[in-house]
Structures are given as C-alpha cells and as structure tokens.
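Report on the structure given below.
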Amino acid sequence: MSVSMLRKVFGLPASALVLGSLGLILAPSARAATLQDPAPAEGDASGDKDGEPKKEAKEEWFAVTNADVFTGTGSLLRGMTVLAKNGVITKIATDVELPEGATVLDAKGMRVYPGLVAISSSGLLGGSSAELEDTVDPFSSRMVLGLASGITSTGIGSVAAKLKRGEIKGVVMRDKFSTTLSYSTSNPSTKRTLVEKLDGAARYLREFREYEAKKASNKELKEPSKKDVDSSVLAVLKGETMARFNADSREDLIGIARVAQKYGFRPVIDGCAEGWTVADELGRAGAFAVLTPRNRSDKSEALVRAGGTSIENAAILHSRGVQVVIIPATRSVDLGGIAGRDIMHLPIEADFAVRGGLPESAAIAAITIVPARVLGVDHRVGTIEVGKDCDLLVMDGDLLHYQTFVQYAIVDGKQVYDKEAELWFGHIRPRTTPSMAPETRVDTGEEVDPNAPPKVDPPKEGEKPDEEKPVEGEKPGDGETPPPETPKDPPKEGGGGSDG
Amino acid sequence: MKTLNAILLASLPALGGAAAVPDVVAIKVGRAETISHGAIEHAVILIEDGKIVSIGQDLPIERGIPVLDLEAWVAMPGLVNAYSRIGLDSRAGDEFDPQVSTYDELYADDSDYDKLLEYGVTTLGLYPPGRAVPGRAVVVRPGPDTAEEMLVAREAYLKFYFRSDSRSKKMVKDAFGKVDAYNEKEKKAREKFDKDNSGKKTEEKKPEEKKPEEKTATQDGEKKDEKKDEKGKKTYVPAEPDEKVKPFLDILNGKLNMLVSIGQAADFLHLMDAVGERKLSFDLRIPMTREIDMYEVKKQMGERKCRILMEPEITLTPGTMRMRNLAQEFATAGSKIVFLPRGDTLNGHKTWLRNVGEIVANGLPRETALRAVTLEAAELMGVGARLGSLEKTKDANIVFYNGDPLEAGTSVMAVMLEGRIVFGEVPQ
Chain A
6 MSVSMLRKVF GLPASALVLG SLGLILAPSA RAATLQDPAP AEGDASGDKD
56 GEPKKEAKEE WFAVTNADVF TGTGSLLRGM TVLAKNGVIT KIATDVELPE
106 GATVLDAKGM RVYPGLVAIS SSGLLGGSSA ELEDTVDPFS SRMVLGLASG
156 ITSTGIGSVA AKLKRGEIKG VVMRDKFSTT LSYSTSNPST KRTLVEKLDG
206 AARYLREFRE YEAKKASNKE LKEPSKKDVD SSVLAVLKGE TMARFNADSR
256 EDLIGIARVA QKYGFRPVID GCAEGWTVAD ELGRAGAFAV LTPRNRSDKS
306 EALVRAGGTS IENAAILHSR GVQVVIIPAT RSVDLGGIAG RDIMHLPIEA
356 DFAVRGGLPE SAAIAAITIV PARVLGVDHR VGTIEVGKDC DLLVMDGDLL
406 HYQTFVQYAI VDGKQVYDKE AELWFGHIRP RTTPSMAPET RVDTGEEVDP
456 NAPPKVDPPK EGEKPDEEKP VEGEKPGDGE TPPPETPKDP PKEGGGGSDG
Chain B
4 MKTLNAILLA SLPALGGAAA VPDVVAIKVG RAETISHGAI EHAVILIEDG
54 KIVSIGQDLP IERGIPVLDL EAWVAMPGLV NAYSRIGLDS RAGDEFDPQV
104 STYDELYADD SDYDKLLEYG VTTLGLYPPG RAVPGRAVVV RPGPDTAEEM
154 LVAREAYLKF YFRSDSRSKK MVKDAFGKVD AYNEKEKKAR EKFDKDNSGK
204 KTEEKKPEEK KPEEKTATQD GEKKDEKKDE KGKKTYVPAE PDEKVKPFLD
254 ILNGKLNMLV SIGQAADFLH LMDAVGERKL SFDLRIPMTR EIDMYEVKKQ
304 MGERKCRILM EPEITLTPGT MRMRNLAQEF ATAGSKIVFL PRGDTLNGHK
354 TWLRNVGEIV ANGLPRETAL RAVTLEAAEL MGVGARLGSL EKTKDANIVF
404 YNGDPLEAGT SVMAVMLEGR IVFGEVPQ
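Chains A and B, in that order, are what the protein sequence lines are. Residues 6 to 505 (my numbering) are what the first sequence spells out, left to right. Residues 4 to 431 (my numbering) are what the second sequence spells out, left to right.
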C-alpha cells in the first residue's frame, strides 16, 4: 500500500520516491499508516518524550472534541476527539470516553491542525539560543504573538524549541540540530575547505568502521585518531546533525547537491532562489529547501541560462522530490516592518507557493512536518498522530486562508492561547461578545476560568468582604472596601461559527 | 509632671543618646493601630525604659505615672523601610561578595536621617547596592550621630540579584553547593572525631553502652552545635566556614533571610529551577515597573509564602491601559506584602503612606497595607520580635497622626523612637 499512499499523502511522483528522499519519507509515514484507518487508534504513549521521566503520579488529560482534524498526514478526520495524556496524544477517535478530570475543548465547527513549525525565528522565546534553557521568558508578548500565529515549535539558532507558555521546563526539544557549512563559487576557498573537511571526516569514518570490524580478531589495532577531523562535519556524516547551507545561485546549488551526494548526506539549503533551475539535481541529493516564496531577485544579465526567482520555485522543487520548507522573510515578530512578511505569517507565505503551483498539502507540510524533520523533532511534532505531542491549532477556517485566525493553541496538551482572552486579535470577528470591553475599575486579579460554570451569586449589597477582624468604631471613609466582585466576562461558549 | 518635662527636653536635640529618658509614661490615644492585634480605640500605651510594657483599651493607669493625653491622635508603630540607600553613596558592583556588610559604609552624620524621623520612619534597612551578590543589609535607627548608635541589627538579609541567565542560576547552585560541601566535610570530621574519642572511652569504660546511640543521635541533629561528652572533657569545634559560605549556611539554618531581587515573571521560574528541591525560604524584591508581568507567577509565589518587597504602585497589564493592583493580587494569592516608598528619596518617604493609601483605595485590605509598612518589613529583616507593632515588650517606636494615617491630609504630629520624642510637640 505504501507507495500509492505516499503519493497521495505527499503528492509525490513515484520517481521522487525512488530517487532521493525515500528513507526519510518512509520513516514517519510508517507511523502515519497506523492512523490512516479512521478506526480508533490506541496506544499509551505517555512519557514517550526524550529523556523525560514518566510521571506516574499525576495524569493530566486533555481532549479536543467534535474536531475536524487535519492530521497533516493526508487525512481529514471529521467529528473526532483528540485525547492526550500528559501532553502526548493517546487517541484520535469518535465516541471516546473522556477520563475524569479531563480538560475538554469543544471545537465544533472549527478545524484542528498540527501546530506550525517555524524552521528559524528569533525573539519568540525571549532568550538567547546559546543558553535558551536558562534565559527563556515564557511570559513574553512575543511568545503570545507566536502562538497567535500558530507557531508551537521553532528553531532558534541550532536549538529546536517549543513555545511553552508559562513554563521553562521542556522548552528545548533538541540541541545542535544543524551545522552551518559554507559553499560558495564566488569564494572558492570555502569550497576547498569544505571538501577537505568532508574528506577528513569520511576517511576517519572508513578507518573507524574497519577498526570496529577487525578489533575483535586483532587486538593490536589502534583506534583511529580523531585529530584534525572536524567534529561538526563528522556529525553531519554520521547523521547526527543536518548540514545547512546558504545558497541561491544555480552554480552553488549544483555544487552543494553534488558534494552532498558524494559524501552521502542531505543538505538543507536556505534561500534556494534558483533551485527551480536545478530541481532534478537537488531532488537526487535529497535536499531540503528553505524558501521564502515572496522573495524576488532578477537573473544575472551576464548569463544566458535560466535564473532569478520564480513563483513556481516551491512547486517545481517539490515535484522533483525536494522537501520544501517555507519561512517568511523576517524571522522575528516585526510589527513595524513590511506588513505580512514577518514570522507571524507562515501560512500567508505558504499561500504564495500554492499560487505558484505547490499542492496545498505540501504547503501545509512545508510549515509543519518538513521543518520538524529538519529540526530533528518530527517524531514529536509536525502532524497529529497518536504518540506525538499534543500541539494543536483550533482554527476558524482553512489554515491557508488569509482570513483564518488561530482560535486556540494547544501545546503539550495545555491550552496556551485563546484568541478571545488575549489582547491582540480578540476584537476581530469575535466568537461571542467582545471581551475587550472598556475597563471601569482596577483589575483585582480574579481569574476567570473559561471552563468554569457561570457565577450565579449576585454581589451582595452592603456587605463587606470578609476581614479578619472587623474594627469597631472605624471612621466612615477609613479603608474603603472595594465593591464586591462581579464576574468579568460571560463564560465563553466553545465553538462559534466558522468563517462565514 | 517631672518625667514629662524630661521627655520634652529629650526631644530637643533629637537623639543625643545622653539625654535623660523617663522611666515610665502612659500615653492615651484616640486609636492605636497595633498591627499585630488590630486597632484599639481609646488605647492606653504604657511605656517603660523605651519599651512598651502594656497596651489595651482604657487600661487603668496607676497613680503617679505621668500621662500624655493624646485622645485626638492616632498612634501607629514607627514606619519600617526595609530597603533603602538613603544617606549612602551610590556604587555598583557585580561581584559575589556575600561577606560585605552595609554597616561598613554607614555614614551616620547625614541630615537625611533626621528628616526621615519627621516622616515617621523609625527603622531603616540599608542594603548593599549592585548586581550578583553585593552583601548583607543592616538595620538602623535614623537619628544618632554615630554608626554604633544607629545600629539595630547587624544582619538584616542577604541581597541576591537574580536574572534569567545561566550566570545567576549557577551562582545560586554554587553558593548552596558550597554549603553542602562544607556540611559534608564537617560531618566527616565530626564522625572521625567521635570515632577517635569513643574508641578511647570504650576502652576506659566498657559498661556504658549508651554512648554510641547518643552520638548518632547528635550527629543527625544540628551539626554546628558543640558537643560535649559526659565529662565535658572534649568538645568538637566545627571549623569556621569560609566568609563567602557562611551567609548561605546561615540562610539554610534560618538565621539569615535572603532577599532575591528579580525583574520579571520569568526570573521567578528560573530562580525556582535553580533552587530545585532544596528547602529554602527567601523573600523577593520586585520593582514595580509600569508593565511588569509578575502576576503571571503569583500563584507559585503565594505557594512559597514569599514576602514581596515592592513599591505601592498601580501597574498596567502589558500592552494595555488596564490597571492592576499587584499588591492585592499577591496578597490574595498568599504572599506577604512589604511596601517601600515609591522613590528612595526624602520626598518618597514623605508621601509614602499616601501612596499606600491609594493601593488600599484600590482594594488591598487596610490591615495588610499597614502591616506592609511596619511589622512585615521588620520581619523581613529579622527584627520582627523587637519592633514593628504596638505590643508589649517591643520597642516604643510610635508615630502619632492627627487622623487616619492613610488618609490624604493627615500629618505626623509627633514621633517617638524607643521611648523618646524625637519629633514634634506633645500637648499636655
């Protein structure tokens, strides 16, 4: 079943499968296959995360119900319940019996997508990538804006991180997922250095394998020396980290593709503007292309060959088996720059690739599972599957539609964003009544639980709030007590109309 | 009447230290905000040797005791500012110097201190400035002309400047890690000591078999205690810890408070991460910047029962003009509030209570607010048993107002510092 299904899922021609990317596409979809069947998929996958100890004591359940689930693996599952335990999806099915104490989010009339993955960004977690775990600011407004834009995971420098609001634990999913290498025809020394490093590392690997094979029989053999072997390039050849290049010109792209094929690794190429002219080469090399479809550059007038940017770039690369990642031009939240070109517009950027012919499923993959693969976290995020992290977006329409808003964002089975409850977009096409009504008094910090039943007890008139010791004979006017609390907002109703 | 004159005499040159102090005096006030026991109407406060001997409603006054009849006034404990640099130089360090004490930079002859008394501030905590760990704060009484006379307590708290970065986190871990290392070393040294001694003794007196048990019991107990054997011959003297380790040892033993200065909600989470499972109590200094996001972690702070040292300010929810009363939010969540003046200037102290009044007008319980400028601040500095409330045995630091202390327009009429009138005139 797998080849035909894969074609359906990824919209790939068979040639692409046979050529470059077979290994990497097959691996996740083998898992995906368990989900193709809309029958209840079960499996207790809690505590499955890397290095996280199992918490046996406390089970936290979270469920999105009545959801039209766009899994990101190619299927649309209507009216589903997505159930998660301790942040990991355990069930995607209908008629799910919800465990006691589960937090439930009704997504009736809305669509559920996997959380988006921004392959690189800056500022969303407030910290520096070098020591993200020690500097992350999980309360920064940038993180809220990131979640409002649907981003739940991102690469920062060479760290793969999660937008965990209000928490500093488990923010870093993976360290050193990529190594940036230089290869440029305009600066030939970079080519030479790179090839030297690769040669050295490859030789070391060969010698090491030989040593491994023979050391049992011949105990006098010495382990080959790692001296003069570039450790980051070695890590690339061992498949521990991705090799990342910056290249736009056809010559550079061809060069990188050939080097990659010769030494057997899959390059990640940022830019890739002229990739459409050498898409076959890149496809054979199993390359990842990180594109900004709205970038424009003219072809060099001095050259006769095809060049410059093309609106079809993403579509052509995809059709040749290149795995396409899409990222807007500005990698940070930029409210003062060119509107719609900052990190808050991943789906809009992907739309421009669709405009050039990229299938919608591939466009969604380009901002979810494909970047997750580059970050090396595709076993945890990027699609909605049992066993993966419960990072979901509840949206009021098609992900790629310009009018669609993220209504709720869920990260690790916790609702971390609610459009109505936040400052930024609550007033635009509100689900119910506007929540940003003018304030008449100072916030006393009473929290309104969106899931709580409406408060029924009316404010008692003339009664002071409890005080430890009522003071007799207090002068009128002393220590004026505040008026009793009134519920701030009417409780929200799950689900409003979708895009009308 | 003699005694009364003596009081008035003593009031003239502020606190010379040499002025004669009346032994006993009774003060009748319209109302006393005791802080510890609520408000008492028509209170009588009996003062002897600068301490409050008793306080209560319409207490009978023994004949012969001079009485100050101040029925029109409201008495309150002298204000305590736990966090000030008044009268000190500005300097900034960025070093790990827990052994430094602000006492060493105290310059008593500053006229600002006398002015503070006029505003009702009778106790000051002077903190060491700078980032990282700048040192320990000192508790002083404003007024006297020498540092020795100003001193109330040498060690108020250790100041720890903490921000979300690996350096701060490492500093926390290292500081307490060194205490662990010291304790471990001491434990071994003590075991060795015990072994050596008990070995001899068992040879001398075999029948006494109780000894080893006792020893293990003491080992498990307080490590620093000196231990004597039955005859008192040999005593184990623990090695003196390094001067940079000792403050943290004291903190873990509950002998010294730690005041951690943080700047945003994330800092608190990182601080908790650095502290880890260690049982450690600390208080927090939080600057009330305009859009501070501290409400995000109020629950966690409340669970830890932190004292929060903050200015009486109304802040805004970030990105909005929505006002928040953080003091009230923290108090509701279980934290204890300590207020300091909005600005560390004379004017800040002058308008201090008025600013606190604004917070009360916006919902903070009055008792919490009054406590936050007196007893809670004293407890933060470890002098809560000695001052900060109108209770018997406590220092007679009393401010007399001509009305409600939190009401705008109320003035300080007189200030008493340890039984002596140091500002104002007391009507007879």
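Glycine residues also receive a C-beta, built at the ideal position from the N, C-alpha and C atoms.
Practice item. Using a Cβ cut-off of 7 Å, pull out every chain B residue sitting near residue 171 of chain A, in sequence order please. Key: 299
Check your understanding: Under the rule that 16 or more other beta-carbon atoms within 10 Å means buried, what is residue 184 of chain A, buried or exposed?
Key -> buried
Review point. In whole angstroms, what is the alpha-carbon distance linking residue 109 of chain B and residue 391 of chain B?
Key: 22 Å
Check your understanding: For chain A, is any of its Cβ atoms less than 9 Å away from the one on residue 394 of chain B?
Key -> no
Practice item. State yes or no: is the C-beta of residue 425 of chain B within less than 9 Å of the C-beta of residue 415 of chain B? Key: no
Review point. Chain B partners of residue 417 of chain A, CB-CB under 8 Å?
Key: The premise fails here: residue 417 of chain A is roughly 16 Å from chain B at the closest Cβ pair, so nothing lies under 8 Å.
Check your understanding: Does DSSP classify residue 114 of chain B as helix, strand or coil?
Key -> helix
Review point. Of all the options B:54, B:105, B:31 and B:84, which has the alpha carbon lying nearest to the alpha carbon of residue 69 of chain B?
Key: B:31
Review point. To which residues of the same chain is residue 158 of chain A closer than 6 Å at the C-beta, ignoring the five residues directly before and after it?
Key: 122, 167 and 386
Exercise for review: Taking the CB atoms as reference points, tell me whether residue 422 of chain B and residue 77 of chain B lie closer together than 9 Å.
Suggested key: no
Practice item. Using three-state DSSP, classify residue 168 of chain A as helix, strand or coil. Key: coil
**Study point:** Contact set between residue 136 of chain A and chain B, taken where Cβ atoms lie within less than 8 Å
**Key:** 168 and 169
Review point. Taking 9 Å as the CB-CB cut-off, is residue 142 of chain A touching chain B?
Key: yes
Check your understanding: Taking the beta strand (DSSP E) that residue 349 of chain A falls in, what are its first and last residues?
Key -> No beta strand (DSSP E) contains residue 349 of chain A, which DSSP labels as neither H nor E.
Practice item. Would you verify that the beta carbon of residue 61 of chain B is, or is not, closer than 9 Å to some beta carbon of chain A? Key: no
Practice item. Could you name the residues that DSSP lists as bridge partners for residue 413 of chain A? Key: A:399 and A:423
**Study point:** Cα-Cα separation, residue 231 of chain B to residue 254 of chain B
**Key:** Low confidence applies to residue 231 of chain B: its pLDDT is 49, below 50, so where it sits in the model is not reliable, and the reading given next is rough at best. About 26 Å.
Check your understanding: Whose Cβ in chain A lies nearer than 7 Å to the Cβ of residue 321 of chain B?
Key -> 146
Exercise for review: With DSSP collapsed to three states, give me the class of residue 350 of chain B.
Suggested key: helix
Check your understanding: Among all the DSSP beta bridges, which residues are the ones paired with residue 66 of chain A?
Key -> A:90
Review point. Which value, in whole angstroms, describes the spacing of the CA atoms of residue 372 of chain A and residue 226 of chain A?
Key: 49 Å
Point to revise | Alpha-carbon spacing of residue 90 of chain A relative to residue 418 of chain A, whole angstroms | key: 7 Å
Check your understanding: On the three-state DSSP scale, how would you describe residue 134 of chain B?
Key -> coil
Exercise for review: With distances taken Cα to Cα, identify the nearest neighbour of residue 381 of chain A among A:164, A:296 and A:192.
Suggested key: A:164
Exercise for review: Look up residue 80 of chain B in the DSSP assignment and give the residues it is bridged to.
Suggested key: B:401
Practice item. Using a Cβ cut-off of 7 Å, pull out every chain B residue sitting near residue 205 of chain A, in sequence order please. Key: Under the 7 Å cutoff, chain B gives no residues; its nearest Cβ is about 33 Å from residue 205 of chain A.
Check your understanding: Does DSSP classify residue 275 of chain A as helix, strand or coil?
Key -> strand
Exercise for review: Using the Cα positions of residue 315 of chain A and residue 396 of chain A, report the straight-line distance between them to the nearest angstrom.
Suggested key: 33 Å
**Study point:** Per DSSP, cross-strand counterpart(s) of residue 342 of chain B
**Key:** B:313
Point to revise | Own chain, CB closer than 6 Å to residue 202 of chain A, minus 5 neighbours either side, in chain order | key: 235 and 238
Review point. Nearest-angstrom Cα distance between residue 180 of chain A and residue 238 of chain B?
Key: 54 Å
**Study point:** Short Cβ contact (9 Å threshold) for residue 336 of chain B with residue 282 of chain B
**Key:** no
Exercise for review: Spell out whether any CB of chain A is found under 9 Å from the CB atom of residue 172 of chain B.
Suggested key: yes
Point to revise | Stretch pair the stretch 287-298 of chain B + the stretch 326-341 of chain B: three plus CB contacts closer than 8 Å | key: yes
Practice item. Could you check the C-alpha separation between residue 194 of chain A and residue 270 of chain A for me, to the nearest Å? Key: 21 Å
Check your understanding: Per DSSP, residue 128 of chain B forms a beta bridge with which residues?
Key -> B:142
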